[in-house]
Amino acid sequence: MIGPPIVVVMGVAGCGKSSVGRGLAQALGCVFIEGDQHHPPANIAKMSSGIPLTDADREGWLAVLAGFIAEADRDGRELVVACSALKRRYRDQLRGTSLRVVFLHLRGDKALIASRMGARTAHFMPTALIDSQFADLEPPGPDEAALTYEITLTADAIVADARLRLAAMFETGGGAAGEET
1 MIGPPIVVVM GVAGCGKSSV GRGLAQALGC VFIEGDQHHP PANIAKMSSG
51 IPLTDADREG WLAVLAGFIA EADRDGRELV VACSALKRRY RDQLRGTSLR
101 VVFLHLRGDK ALIASRMGAR TAHFMPTALI DSQFADLEPP GPDEAALTYE
151 ITLTADAIVA DARLRLAAMF ETGGGAAGEE T
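UniProt numbering puts the first residue of the sequence shown at 1, with every later residue one more than the last.
Written out as structure tokens, the structure reads:
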């Protein structure tokens, strides 16, 4: 791959996107964008009430995040974005025409996710939406540039390994699509 990576840390709510994303951005020395901060108030109100978002609800939000990604791609900058990116069509929208976007998929079982979400105090996403998140999840396919990590690993371990794998992908042009740890 050419140029520095643009990484979208993805997965269901409570999987650790923000922690891993912040850590990875710090390790790479680049900007981190917390996707949840760009939801319109109507989306936040809906989720806070335990109502899952529809594709139409997510459309404008994804367009905003895709704009940040396209700008980083045009400018040749690294970027890390935390975004659920649950469906293939969402990832396609986020990726746009960039060849530098890699999805870092954080995968975990429903019980572990529920316990993590139950322990959170400063987030609008209630545990009632776990089932809808898992129902919408379409893991990255083998044709997508993606790294998959089990959330039983620490955020630091994921960041350290992802940093090495991204360096290998972008320095040698080798592919890591579909690889799992």
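Backbone N, C-alpha and C fix where the C-beta goes; we use that ideal spot for every residue, glycine too.
Residue burial classification, P140 (beta-carbon count within 10 angstroms, cutoff 16): That one is buried.
Distance between P52 and Q93 (C-alpha atoms, nearest Å): C-alpha separation (whole angstroms): 20 angstroms.
3-residue-minimum beta strand (DSSP E) runs that sit fully inside the stretch 65-133, ordered along the chain: Those beta strand (DSSP E) runs which fall completely within the stretch 65-133 and span 3+ residues are 79-82 and 101-107.
Distance, A111 Cα to A168 Cα: Straight-line Cα distance between these residues: approximately 34 angstroms.
Per-residue DSSP class, three states only, for I6: Three-state DSSP puts I6 in a strand.
Range of the contiguous alpha helix (DSSP H) that encloses I158: For I158, the enclosing alpha helix (DSSP H) stretches over residues A155 to T172.
Per-residue burial, G96 [other beta carbons within 10 Å of its own, 16 or more giving buried]: Looking at its Cβ environment, which holds fewer than 16 other Cβ atoms inside 10 Å, G96 is exposed.
Start-to-end residues for the alpha helix (DSSP H) that takes in V20: Unbroken alpha helix (DSSP H) run through V20: K17 to L28.
Anticipated Cβ contact below 8 angstroms, D75 with I6, distance rounded: Between D75 and I6, the beta carbon gap of about 11 angstroms keeps them out of contact (Cβ cut-off 8 angstroms).
Chain B contact for S49 (CB, 8 angstroms cutoff): In summary, chain B is missing from the structure at hand, where a single protein chain is found.
Alpha-carbon to alpha-carbon, A27 and L86: Going by the C-alpha atoms only, they are around 25 angstroms apart.
Inter-residue spacing [alpha-carbon to alpha-carbon] between W61 and L164: C-alpha separation (whole angstroms): 31 angstroms.
Exposure label - V102; buried when at least 16 CB within 10 Å: V102 should be labelled buried.
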